[in-house]
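Asks: Next up is a structure, given as structure tokens.
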Amino acid sequence: MTFDVVWGFPVALYLFLGGMTSAAYYIGVLAELFSKGKYKNLARVGSYLVLIPIFIGLLLLLVDLGRPLSFWHLIFQPSSSWHFVFQSGSVMSAGVWLLVIFVVICGVIYPAFWLAEEKIGEKLPLIKGLKGKEKIRRLVGYIGLAPAFLVSIYTGVLLAATSSELWGATPFLPILFVASAGSAGVAAIVLALAITSDTKIEALEKLIDADVVYIYLEFLTLVFLLLTLIVAGQAGEAIKKILIGNLAVLFWVGFGLVGIVLPYLIDHYHLRAKNGLGKGLPVAASILGLFGGFFLRYLVLMAGYVK
């Protein structure tokens, strides 16, 4: 069963930030894991990118709902005695609990271990006791991978289940959002490293390689998504609006050029050059990729309302 829920800019930004933060987290943790600690700084930076952006996204979502205080009714139910609420058949209810778990583990507990290693951590009573607990930190990081992956997938599932019949007709929307979130997560880490001037060339090259893979996956998934919609007979006016109608500029320029083509060309040139080009090109590709990721989600929301 689907519902025509009218969502706009705030929800698009929430979906983007949710995907970006979840990907930044799991990319960092996996980078440390598979490099056997060599790139553990990526895990530190990725963990710091979770809490504030996801808080901003959730705040935008609550404001867009019109009754932000009612949000807690999805978690606690006021009655004669307060009790937790979980509706197994509700995508929204499952998503709320998933976000709570993600924020607590990935946005609060895990980065607290990293913060304990910073100078400021010595001044925080509850944080400084975590210093040196590297084994526990890694364990918490691995536990957080599950909610992080699920949040990355959830944003696409939410739209497919609640926004319109158009996106419910294809299984590729969640995959597209996962690929786009991965690219945004890489971009966020690259920008954070550039801003803090804490960049090792080898780690940067690995991030750019990962971004190229994500861009390939985005493009291929988009092709399959459009094909399945056309074959299913659900494309109709929506696809026309996306490809040649009033959403065409957003699709071809906002998502296609800004989010796919230019970041790929810049990344590819940087990797091919191999002559100490520095951080300028990766930073440019990252900024473009972040805008493209947002444009994709806004495009998907707007296309879902075309009748």
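FYI, in this note's numbering the residues of the sequence shown are 530 to 836. Cβ coordinates follow ideal geometry from the N, Cα and C atoms, glycine included. Computed from a predicted structure; not experimentally measured.
Taking its Cβ as the centre, do 16 or more other Cβ atoms sit within 10 Å of Leu794, making it buried, or is it exposed?
Replies: In the sequence shown, the residue the question calls residue 794 occupies position 265. Exposed.
Asks: Taking C-alpha atoms, which residue in Leu559, Leu587 and Glu646 lies nearest to Leu627?
Replies: Stepping through the sequence shown from its first residue, residue 627 is reached at position 98. Ranking the options by Cα distance to Leu627, first place goes to Leu587.
Asks: Quick check on Asp533: does DSSP put it in helix, strand or coil?
Replies: The sequence position of residue 533 within the sequence shown is 4, counting from 1. The predicted model places Asp533 with a pLDDT of 47, which falls under 50 and marks its position as unreliable, so this point remains unresolved.
Asks: Mapping DSSP to helix, strand and coil, what is Thr699?
Replies: By 1-based counting over the sequence shown, the position of residue 699 is 170. Thr699 falls in the coil class under three-state DSSP.
Asks: Distance, Cα to Cα, Ser815 vs Lys648?
Replies: Numbered from 1 along the sequence shown, position 286 holds the residue referred to as residue 815. Numbered from 1 along the sequence shown, position 119 holds the residue referred to as residue 648. The straight-line gap from Cα to Cα measures roughly 29 Å.
Asks: Do the CB positions of Ala802 and Leu578 come within less than 8 Å of each other?
Replies: Position 273 of the sequence shown holds residue 802. Position 49 of the sequence shown holds residue 578. Not in contact: Ala802 and Leu578 (Cβ atoms no closer than 8 Å).
Asks: Could you give the distance in angstroms between the alpha-carbon of Gly624 and the alpha-carbon of Phe631?
Replies: On the sequence shown, residue 624 is found 95 positions in, with the first residue counted as 1. On the sequence shown, residue 631 is found 102 positions in, with the first residue counted as 1. Rounded to the nearest angstrom, the two C-alpha atoms are 10 Å apart.
Asks: Less than 7 Å between C-beta atoms, sequence neighbours within five positions excluded: which residues of the same chain meet that for Pro582?
Replies: Indexing the sequence shown from 1 puts residue 582 at position 53. Excluding sequence neighbours, Pro582 sits near Leu546, Met549 and Thr550.
Asks: Compare the beta carbon distance of Leu580 and Gly636 with 8 Å and say whether it is the shorter of the two.
Replies: Along the sequence shown, read from residue 1 onward, the residue named residue 580 stands at position 51. Along the sequence shown, read from residue 1 onward, the residue named residue 636 stands at position 107. In contact: Leu580 and Gly636 (Cβ atoms closer than 8 Å).
Asks: If you drop the 5 nearest sequence neighbours on each side, which residues of the same chain put their C-beta closer than 6 Å to that of Asp593?
Replies: As a working mapping, residue 593 is identified with position 64 in the sequence shown. These residues qualify, in order along the chain: Pro539 and Val540.
Asks: Please name the residue in Lys652, Ile737 and Val686 whose C-alpha comes closest to that of Gly809.
Replies: Along the sequence shown, one-based indexing puts residue 809 at 280. Selected option, being the one with the closest Cα: Ile737.
Asks: What residue from Lys729, Ala641 and Val633 has the CA that sits closest to Ile665's CA?
Replies: What you label residue 665 is simply residue 136 of the sequence shown in a count that begins at 1. Taking only the C-alpha atoms, the option nearest Ile665 is Ala641.
Asks: Under the three-state reduction of DSSP, which class applies to Glu731: helix, strand or coil?
Replies: As a working note, residue 731 is residue 202 in the sequence shown. Three-state DSSP puts Glu731 in a helix.
Asks: In the DSSP assignment, find the alpha helix (DSSP H) that holds Glu561 and state where it starts and stops.
Replies: Taking the sequence shown and counting its residues from 1, one reaches residue 561 at position 32. It spans Phe538 to Phe563 - the alpha helix (DSSP H) in which Glu561 sits, taken as one unbroken run.
Asks: With DSSP run on the structure shown, which of helix, strand or coil describes Asn775?
Replies: Numbered from its first residue, the sequence shown carries residue 775 at position 246. It is coil, neither helix nor strand.
Asks: Using the C-alpha atoms, what's the distance from Tyr671 back to Leu562?
Replies: Counting from 1 along the sequence shown, the entry for residue 562 is found at position 33. Counting from 1 along the sequence shown, the entry for residue 671 is found at position 142. Those two C-alpha atoms are separated by around 9 Å.
Asks: Beta carbon of Ser681, beta carbon of Val707: below 8 Å?
Replies: Here the question's residue 681 lines up with position 152 in the sequence shown. Here the question's residue 707 lines up with position 178 in the sequence shown. Contact flag set, yes.
Asks: In this structure, does DSSP put Gly586 in helix, strand or coil?
Replies: Here residue 586 corresponds to residue number 57 of the sequence shown, with the count starting at 1. Three-state DSSP puts Gly586 in a helix.
Asks: Can you grab the Cα-Cα spacing for the pair Lys657 / Leu589, in whole Å?
Replies: As a working note, residue 657 is residue 128 in the sequence shown. As a working note, residue 589 is residue 60 in the sequence shown. Straight-line Cα distance between these residues: approximately 32 Å.
Asks: Shortest alpha-carbon distance to Phe820 belongs to which of Tyr798, Phe780 and Leu756?
Replies: Against the sequence shown, residue 820 aligns to sequence position 291. Ranking Tyr798, Phe780 and Leu756 by Cα distance to Phe820 puts Phe780 first.
Asks: Grouping DSSP H, G and I as helix and E and B as strand, with all else coil, what is Ser683?
Replies: For the purposes of this step, residue 683 is taken as residue 154 along the sequence shown, with counting starting at 1. A small correction: the amino acid at residue 683 is Tyr; Ser does not occupy that position in the sequence shown. If DSSP states are grouped into helix, strand and coil, Tyr683 belongs with the helices.
Asks: In the DSSP assignment, the alpha helix (DSSP H) including Leu786 goes from what residue to what residue?
Replies: For the purposes of this step, residue 786 is identified with residue 257 of the sequence shown, where counting begins at 1. It is not in any alpha helix (DSSP H) - Leu786 carries neither H nor E in the DSSP assignment.
Asks: As a quick exercise: from Val790, Asp796, Val812 and Ala777, pick the residue whose alpha carbon is nearest that of Ala832.
Replies: Working through the sequence shown from its first residue, we reach residue 832 at position 303. Of Val790, Asp796, Val812 and Ala777, the residue nearest in Cα terms is Ala777.
Asks: Is Ser712 helix, strand or coil when you go by DSSP?
Replies: For the purposes of this step, residue 712 is identified with residue 183 of the sequence shown, where counting begins at 1. In the structure shown, Ser712 sits in a helix (DSSP, three-state: H, G or I).
Asks: Use the C-beta contact count for Leu668: other C-beta atoms within 10 angstroms, 16 or more gives buried, fewer gives exposed.
Replies: Here the question's residue 668 lines up with position 139 in the sequence shown. Per the 10 Å Cβ criterion, exposed.
Asks: For Thr684, count neighbouring C-beta atoms within 10 Å of its own C-beta (all shown protein chains included) and say buried if the count is 16 or more, exposed if not.
Replies: Within the sequence shown, the letter at position 155 stands for residue 684. It counts as buried.
Asks: CB-CB under 7 Å to Ala552, same chain, minus the five flanking residues each way: which ones, in chain order?
Replies: On the sequence shown, residue 552 is found 23 positions in, with the first residue counted as 1. Within the same chain, Ala552 has close Cβ partners Ser681, Ala710, Gly711, Ala713 and Gly714.
Asks: Would you call the stretch 557-571 and the stretch 695-704 touching, i.e. three or more CB-CB distances under 8 Å?
Replies: Verdict: no, contact absent.
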